[in-house]
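The sequence shown begins at 623 in the working numbering and counts up by one.
Everything below concerns the one structure shown next.
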Amino acid sequence: MGLTDDPELVIGVALMMLGSVTLIASTTGMDLPLLGLVLATLLLAVGTLLVGLDFGLFSDKQP
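Structure, rendered in C-alpha cells:
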C-alpha cells in the first residue's frame, strides 16, 4: 500500500505542510501578517481534519 492509495492522507499532510510554511512566512516578514496567520490557521485546521478523518478519529466504531 503506497501513499497514492490514500489521497486524503496525502492532501491532509500537504495542507499541514503548506500551513506551516505560511505560518513561518507570516511571522518572518510577510506583507500582510494577519492574512498569513488566518490562512495558516485555516490550512492547518483543514489538514488536521483530513488526516483525522483518514485515521478514523471521529468515528463511533470501537477498534
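The beta carbon of each residue, even a glycine, is placed where N, CA and C say it ideally should be.
Annotated as proximal: LEU666 and MET638, with beta-carbon spacing under 8 Å. In this structure, the beta-carbon distance from ASP676 to ASP628 falls below 8 Å.
A straight-line Cα-Cα distance of about 18 Å links LEU671 and LEU645. Ranked by Cα distance from GLU630, the options LEU659, VAL668 and VAL673 are led by VAL673.
ILE633 and GLY669 have their C-alpha atoms roughly 7 Å apart.
Rounded to the nearest whole angstrom, the C-alpha separation of LEU659 and THR649 is 8 Å.
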